[in-house]
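Q: What follows is a structure written as structure tokens; I'll ask about it next.
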């Protein structure tokens, strides 16, 4: 009895999980990810260099076309025209900037800050409302927002009317703003929950010290809070950016219109791949999109690692 | 005195701010609460001119629509089970095993999964399921959803797992427990809130899935709710507001119910905080 | 003795299976139709009239057949997407409601096949072929082969509201006189007059933009372009018109209507559900003239439909679309129109080709077609099925079929049609001038079909 225990204690590293069992635990996930994620991904890359299609001449005999699909996305004379890739890219960048970077993350952080260390009905209501907005199925919220934004009958215009602002034709005049607004509403809950947890991790002693020092809210934020939650900020930025880049739900509200003014890259891809069944071109767009995401994620990671202290 | 005034001013600001935020989140949803009960539903939010449950009656009489809701339950339920189970196992393994470059790997997988859930991967997914003979099956949809959600799921779980001190497991192992038992009796109870969050999150993602089902499901009897809702359109392609709003409400309720239940029992929050790399 | 029993038993078993007794065949049909919704009459005809009669007929032949109609309520584009995916994986209903102009691209991908390849040459023994002229067969035909049977064809006209015209004083009230413009100038002058006299009414709405899809090309673009003397495609040389004075004239027509003089409401064309809204406005008397297909008359405005006008026959009248000037139209015509057609094709993947063909040909027998006529009169594909029950339809058919043409049945057509819609959208929204829009169109065409197949004539 005694000897085995002593033996164990003398081991240099005590692994909680024997390798074989750990790998067994990993296997189902690895299997699913390999088959249903990595494999399609490689396939997407491959067919982006072909003219695979579902109908039309390219369907029966797909052939290798090199980088033609990519080149078609960047024709200089037409690039920024509504309906082309450049237009979708520009819209997407504005969309991500407006709804994710300047929208969801700061708003989520503000809400988390406003309510941390507070409990009560108001907190529960706000958090639940935001979370429900986040988890409701996309199709349901799409219809609700179509009604909300309607020029003649929509609630938003009615409210603006009370404030003396004339009716705005959201769909027609400001489609991109409309979907930015929508996406902020939709996704803030994630950042809010993330930061709320991160703030909750800060040991109470920090707060006490700040109280004792009589620091103002802004000082507190800048010198104490932000450095402690910095990793969460970047995590939030990465995930939210990634998700916003790829979100498709706004399509159900504006359809990318009018005149492609609210068309983002996912909508553009859908149009190419499933309206015209040009799978090869759709794949090229996907690869490009992934590359952009990759670059953005790398930038974030770099920014996070670079400076330890603000 | 000054400090007290400032404190009260601050509190007032918080209250106003939170009321504004509450207003902001609730407002767009009001339509879903008024239109379904109106015989003449418009896009306006108003107390129903003629209150009725008829819209719901029409929907429940529509076998196709009801079956669609059940299909959604099957798909979302299956995905929830798959993601929760596999992500928890994998997160535990990734956390407790020493795998080199696991941070980078996780980030990469999350990156890939966001693309795969997007529109362009629809094509190879469709072709892949075709080869696997899983087209037009709920299982096919579940598999694709699980594969797509696992990376983020593992990412979310990993921080929950990391926040558990290893001492719990160590003492259990020293007492002679096997790793599987450790997992079941020591880790999981502590992880429960996190598992609940993961379960809700994955259910919600699958419940709202539109694109994958649209491409994979071919038979009308197997179509889930998001696709069925578009059958409540008229001749010219406009939605029949009474039915669409009622169906959207019915479709939204399970998810809200699930959240409220989990929030009440376990508290819906990202416990332990999600830290990025650079811990 | 034992061996005898065995032989008898085997004989019974073989006889049983070869007779197909107890073997139930299930056939499915699908189309863009929902009972009580879009194309409701189609569902009514199939489920209430065709299927019961067919099942009975099959029973008399000793076959147990079940037939089911699978409704589809989405858009035409959504249906096409479903079909493409279904056919690719070898699924789909046995009989598919199909638009003729999808056939070339589906055939190029090997997704659909001609009737005689699915069923066999006995397809040509059917009695109905004698009553379906060549022109009709080509609606669901491609490269000389026939893929299915068309429900009929249609024409496009200018629908106008007599009550508005009378109120404006264009038609003396109660005179029974009809309005018929003979040139674009007369058409536009009428619109201008209405705008002046009745400022709250939209004088003329003609389809433009990508929102309405093929409806823009058919009811809008073609109607204007054909009036300039050219088609979209030059059938003789096998090339597409990319740049041409005719295209420019057509675009300028759109510009006058939507941009310069506000004779039509551009916003109405560009928002979601645009087509439904124009129907609504016309029904409510807010639009004076609407260029649409006869489907509008017989299905949309018909009694019992969502946009039904109670006194339709009194307040709605139609006129032929004029060419730019008399004699300037396509083929030297004074008036222009274009025809399309939907119908039903057989799914090459069907496990029951013979029974499916039996059902299809049964539905297109004289009796069944007459039955459909009784609920929805229109121009049908069989010459022995006249338009009865609706004098307006008969008149429209008689007047316009001589002037009509068809779309080019080529795999590239849908994409080019889309470019045309885009072109009108750019002009109508003021985004581009007609010259710019035409140049962009020609460039896109060159990319789609190759520069050598695009006619550029300035």
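Chains as they are written, first to last, in the working numbering: chain A, 1 to 310; chain B, 1001 to 1279; chain C, 2001 to 2458.
Glycine included, every Cβ here is placed at the ideal spot set by N, Cα and C.
Model, not experiment: these values are computed from the prediction.
(1) Would you kindly check if the distance between the Cβ of residue 125(A) and the Cβ of residue 1022(B) is under 7 Å?
(2) Identify whether residue 137(A) lies in helix, strand or coil by the three-state DSSP scheme.
(3) Three-state secondary structure (DSSP) at residue 2456(C)?
(4) Flag residue 125(A) as yes if its beta-carbon sits less than 7 Å from any beta-carbon of chain B, otherwise no.
(5) Just checking, does the stretch 290–310 of chain A make contact with the stretch 56–68 of chain A on the three C-beta pairs under 8 Å criterion?
(6) Using only the alpha-carbon positions, how far apart do residue 2139(C) and residue 2339(C) sit?
(7) Please report how far the alpha carbon of residue 1018(B) lies from the alpha carbon of residue 1052(B), in whole angstroms.
(8) Assuming residue 2190(C) contacts residue 2170(C) under a Cβ cut-off of 8 Å, what Cβ separation, rounded to an integer in Å, is found between them?
(9) When you compare the stretch 1247–1256 of chain B with the stretch 1090–1106 of chain B, are there three or more beta-carbon pairs, one atom per stretch, that lie closer than 8 Å?
(10) State yes or no: is the beta carbon of residue 2021(C) nearer than 7 Å to at least one beta carbon in chain A?
(11) Could you tell me which chain C residues have their CB closer than 8 Å to the CB of residue 1215(B), listed as they occur along the chain?
(12) Helix, strand or coil for residue 2236(C)? Go by DSSP, reduced to three states.
(13) Does DSSP put residue 2432(C) in a helix, a strand or coil?
(14) What does DSSP give as the partner residues of residue 2318(C) in its beta bridges?
(15) With distances taken between CB atoms, is the gap from residue 2028(C) to residue 2094(C) smaller than 7 Å?
(16) Assign residue 2180(C) to one of three DSSP states: helix, strand, or coil.
(17) What residues from the stretch 99–128 of chain A come within 9 Å of chain B, judged by C-beta to C-beta, listed N to C?
(18) Anything in the stretch 2062–2095 of chain C with a Cβ closer than 7 Å to a Cβ of chain B? List those residues in chain order, please.
(19) Given residue 1045(B), which residues of its chain have a CB within under 7 Å of its CB, disregarding the five upstream and five downstream residues?
(20) Of all the CB atoms in chain A, is at least one closer than 7 Å to the CB of residue 1161(B)?
(21) With a threshold of 7 Å between beta carbons, is residue 55(A) in contact with chain C?
(22) Going by DSSP, what residue range makes up the alpha helix (DSSP H) through residue 240(A)?
(23) Quick check: is the beta carbon of residue 60(A) nearer than 7 Å to any beta carbon in chain C?
(24) Suppose contacts are defined by Cβ-Cβ distances below 7 Å. Is residue 105(A) in contact with residue 247(A) by that definition?
(25) So residue 2267(C) is in the alpha helix (DSSP H); what residue range does that whole segment cover?
(26) Which residue marks the beginning of the alpha helix (DSSP H) containing residue 2459(C), and which one marks its end?
(27) Kindly indicate which residue of 2134(C), 2030(C), 2351(C) and 2324(C) has the alpha-carbon position closest to the one of residue 2222(C).
(28) Out of 2374(C), 2400(C) and 2341(C), which has the shortest C-alpha to C-alpha gap to residue 2381(C)?
(29) Would residue 100(A) pass as a contact of residue 185(A) if the rule is Cβ separation under 7 Å?
(30) Identify every residue that forms a DSSP beta bridge with residue 2202(C).
(31) Is residue 2268(C) close to chain A, meaning its C-beta is less than 7 Å from at least one C-beta of that chain?
(32) Quick one, which of 2302(C), 2166(C) and 2107(C) has its alpha-carbon nearest residue 2348(C)'s?
(33) Go ahead and label residue 2249(C) buried or exposed: buried means 16 or more other beta carbons lie within 10 angstroms of its beta carbon, across all protein chains shown.
(34) Take the Cβ of residue 225(A) as the centre, count every other Cβ of all protein chains shown within 10 Å, and call the residue buried at 16 or more, exposed below.
(35) Counting only Cβ pairs nearer than 7 Å, list the residues of chain C close to residue 258(A).
A: Checking against the coordinates, here is how it stands:
(1) Contact: yes.
(2) Coil at residue 137(A), not helix or strand.
(3) Strand.
(4) Judged by the 7 Å Cβ criterion, residue 125(A) is in contact with chain B.
(5) When C-beta atoms of the stretch 290–310 of chain A are compared with those of the stretch 56–68 of chain A, fewer than three pairs fall below 8 Å, so the two segments do not count as touching.
(6) Going by the C-alpha atoms only, they are around 9 Å apart.
(7) Taking C-alpha positions only, residue 1018(B) is separated from residue 1052(B) by approximately 34 Å.
(8) Under the criterion of beta carbons closer than 8 Å, residue 2190(C) and residue 2170(C) qualify as touching, at roughly 6 Å.
(9) They do not touch, by the three-pair rule.
(10) Since pLDDT at residue 2021(C) reaches only 46, below the 50 mark, its modelled position is unreliable, and no value is offered.
(11) Neighbours of residue 1215(B) in chain C, taken as residues whose beta carbon is under 8 Å from its own, are 2085 in chain order.
(12) If DSSP states are grouped into helix, strand and coil, residue 2236(C) belongs with coil.
(13) DSSP places residue 2432(C) outside both helix and strand once states are collapsed to three, so it counts as coil.
(14) According to DSSP, residue 2318(C) shares a beta bridge with 2159(C).
(15) Cβ atoms of residue 2028(C) and residue 2094(C): closer than 7 Å.
(16) Of the three classes helix, strand and coil, the one that applies to residue 2180(C) here is coil, per DSSP.
(17) So the list reads 107, 110, 111, 114, 115, 118, 122, 123, 124, 125, 126, 127 and 128, given in the order they occur along the chain.
(18) Those residues of the stretch 2062–2095 of chain C that come within reach of chain B (Cβ to Cβ, closer than 7 Å) are 2070, 2073, 2074, 2075, 2085, 2086, 2089 and 2091.
(19) Excluding the 5 residues flanking it on each side, residue 1045(B) has same chain C-beta neighbours closer than 7 Å at 1030, 1031 and 1034, in chain order.
(20) No, no contact with chain A.
(21) Yes, because at least one Cβ of chain C sits closer than 7 Å to the Cβ of residue 55(A).
(22) Residues 226–246.
(23) So, interface residue.
(24) For residue 105(A) and residue 247(A), no; Cβs fall outside 7 Å.
(25) According to the DSSP assignment, residue 2267(C) belongs to the alpha helix (DSSP H) that extends over 2266–2270.
(26) Because chain C in this structure spans residues 2001 to 2458, residue 2459(C) falls outside the shown range and cannot be described.
(27) For residue 2222(C), the closest of 2134(C), 2030(C), 2351(C) and 2324(C) by C-alpha to C-alpha distance is 2324(C).
(28) Considering only alpha carbons, the answer is 2341(C).
(29) It is not a contact, given that the beta carbons lie outside the stated cut-off.
(30) Per DSSP, the beta-bridge partners of residue 2202(C) are 2287(C).
(31) It does not: the Cβ of residue 2268(C) has no partner Cβ on chain A nearer than 7 Å.
(32) Closest by alpha carbon: 2107(C).
(33) Residue 2249(C) comes out buried.
(34) Residue environment for residue 225(A): buried (at least 16 other C-beta atoms within 10 angstroms of its C-beta).
(35) Within chain C, the C-beta atoms nearer than 7 Å to that of residue 258(A) come from 2270 and 2271, in chain order.
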